[in-house]
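Below: one structure, written as structure tokens.
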Amino acid sequence: MVGLKPSEVPPTTAVKFLGAGTAGCFADLLTFPLDTAKVRLQIQGEKQATQAAQRPQYRGVLGTILTMVRTEGPRSPYNGLVAGLQRQMSFASIRIGLYDSVKQFYTPKGSDHSSITTRILAGCTTGAMAVSCAQPTDVVKVRFQASIHLGAGSNRKYSGTMDAYRTIAREEGVRGLWKGTFPNITRNAIVNCAEMVTYDIIKEKLLDYRLLTDNFPCHFISAFGAGFCATVVASPVDVVKTRYMNSPPGQYRSPLDCMLKMVAHEGPTAFYKGFTPSFLRLGTWNVVMFVTYEQLKRALMKVQMLRESPF
Numbered sequence: 001m002v003g004l005k006p007s008e009v010p011p012t013t014a015v016k017f018l019g020a021g022t023a024g025c026f027a028d029l030l031t032f033p034l035d036t037a038k039v040r041l042q043i044q045g046e047k048q049a050t051q052a053a054q055r056p057q058y059r060g061v062l063g064t065i066l067t068m069v070r071t072e073g074p075r076s077p078y079n080g081l082v083a084g085l086q087r088q089m090s091f092a093s094i095r096i097g098l099y100d101s102v103k104q105f106y107t108p109k110g111s112d113h114s115s116i117t118t119r120i121l122a123g124c125t126t127g128a129m130a131v132s133c134a135q136p137t138d139v140v141k142v143r144f145q146a147s148i149h150l151g152a153g154s155n156r157k158y159s160g161t162m163d164a165y166r167t168i169a170r171e172e173g174v175r176g177l178w179k180g181t182f183p184n185i186t187r188n189a190i191v192n193c194a195e196m197v198t199y200d201i202i203k204e205k206l207l208d209y210r211l212l213t214d215n216f217p218c219h220f221i222s223a224f225g226a227g228f229c230a231t232v233v234a235s236p237v238d239v240v241k242t243r244y245m246n247s248p249p250g251q252y253r254s255p256l257d258c259m260l261k262m263v264a265h266e267g268p269t270a271f272y273k274g275f276t277p278s279f280l281r282l283g284t285w286n287v288v289m290f291v292t293y294e295q296l297k298r299a300l301m302k303v304q305m306l307r308e309s310p311f
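For what it's worth, full-length UniProt numbering labels the leading residue of the sequence shown as 1, then goes sequentially.
In structure tokens form, the structure reads like this:
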């Protein structure tokens, strides 16, 4: 047995909500450079004549990070971290913290187990809810991650995270902060279903067949499987989302137009640009997040029970 033992009392919705957001932030702190590398690889190859000559070429995950550190400084892989943490506190809290509650809402009364359809529906619902609330933070995060600063003479478009929110709203309208909402909802509905449903099912089967107990090894295997499935099914939508959210006004008419131009100019393999950092990032993120989330739920419930205990 590794870590805290499961609480005798099921965790409350508030505990799951807070625990998911905190675990998401912790996972982001450890994996953010991989996410930035993924964004850089995804936008590489875009037809932007004015910037093409200035953009460094990236090769592989480690090569991308090393190139960024060499050309832009050691802090560059963490560009957009503040917006990323803001995103997790709103995004992960909703899509992960509310998943069990929504799943129970959709489960017919008297049923002992939720069907796969019910779990998928719950994943789609919480994923869409999370995007609707957290989209502005995702737009700002991607803008910072995609921006390239090649020295002191390079102009920074945004002086900080709050300035980015104001500048985007001023230059592109409030709708600019929700740019790419549809592909992001599509992407996160897919990711959330792949992550939550896969994690849910693998963990349930490992426990039902008594292969593992409800602790670290079980959580690790379930989370790793969830990260791999999520990467495979979500990568194409993720690339379109990243490019569309990072594009200047007028470059693409719609997410569909962005997708068609990608296929026309770069071929279908463009949909899997940045797959390796996506998998490294999602796989690592899922393992860190779910393991931390499970332990946080137990720790928070112990604290809550101690506070409520009369002795």
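Cβ coordinates follow ideal geometry from the N, Cα and C atoms, glycine included.
Computed from a prediction, not measured in an experiment: that's the story for all the values here.
Practice task
Using only alpha-carbon positions, find the residue among C218, A130 and I190 that is nearest to I201.
Solution key: For the residues C218, A130 and I190, the minimum Cα distance to I201 belongs to C218.
Exercise for the section: Confirm, please, whether the CB-CB distance from M289 to A23 is below 9 Å. Expected result: With a cutoff of 9 Å on beta-carbon distance, A23 and M289 are scored as near each other.
Practice task
Please report how far the alpha carbon of V239 lies from the alpha carbon of F91, in whole angstroms.
Solution key: The straight-line gap separating the alpha-carbon atoms of V239 and F91 is approximately 19 Å.
Exercise for the section: Please name the residue in L207, S222, T13 and L29 whose C-alpha comes closest to that of L85. Expected result: Comparing Cα-Cα distances from L85 to each of L207, S222, T13 and L29, the minimum goes to L29.
Practice task
Closer than 6 Å by C-beta to A134: which residues in its own chain qualify, once you throw out the five before and the five after it? Chain order, please.
Solution key: Excluding its 5 nearest sequence neighbours in each direction, A134 has C-beta neighbours in its own chain below 6 Å: R87, S90 and F91, listed in chain order.
Problem - Check: E8 C-beta below 8 Å from any heavy atom of the ligand COA - result: This structure lacks the ligand COA, and indeed carries no ligand of any kind.
Handout entry: Counted within 10 angstroms of its Cβ, other Cβ atoms place T292 as buried (16 or more) or exposed
Key = T292 sits buried, since 16 or more C-beta atoms from the chains shown fall within 10 Å of its C-beta.
Problem - Bounding residues of the alpha helix (DSSP H) (the contiguous stretch that carries G123) - result: Where G123 is concerned, the enclosing alpha helix (DSSP H) stretches over I116 to A146.
Exercise for the section: Indicate whether V131 and G176 have their beta-carbon atoms separated by less than 9 Å. Expected result: Not closer than 9 Å, so no.
Practice task
Measure the C-alpha to C-alpha separation of R243 and S309 and round it to an integer number of angstroms.
Solution key: Each residue's alpha carbon lies about 53 Å from the other.
Handout entry: N-terminal and C-terminal residue of the alpha helix (DSSP H) that E308 is part of
Key = According to the DSSP assignment, E308 belongs to the alpha helix (DSSP H) that extends over F275 to E308.
Practice task
Sort T13, L34, R59 and N215 by Cα distance to Y99 and report the nearest one.
Solution key: A check of alpha carbon separations from Y99 across T13, L34, R59 and N215 identifies T13 as the nearest.
Handout entry: Expected contact under 8 Å - CB spacing of M245 and V174 to nearest Å
Key = Taking C-beta atoms under 8 Å as the contact rule, M245 and V174 fail to qualify, at a distance of about 15 Å.
Handout entry: Residues near V69 in its chain [Cβ-Cβ closer than 8 Å; skip 5 each side]
Key = Around V69: S76 and P77.
Practice task
Assign Y78 to one of three DSSP states: helix, strand, or coil.
Solution key: Y78 falls in the helix class under three-state DSSP.
Handout entry: Beta-carbon gap between N192 and R281 smaller than 9 Å
Key = For N192 and R281, no; Cβs fall outside 9 Å.
Problem - Sufficient close CB pairs (3 or more, under 8 Å) joining the stretch 268-283 to the stretch 32-43 - result: Yes, the stretch 268-283 touches the stretch 32-43.
Exercise for the section: Consult DSSP for K109 and reduce its assignment to one of helix, strand or coil. Expected result: Residue state for K109 is assigned as coil, using DSSP reduced to three classes.
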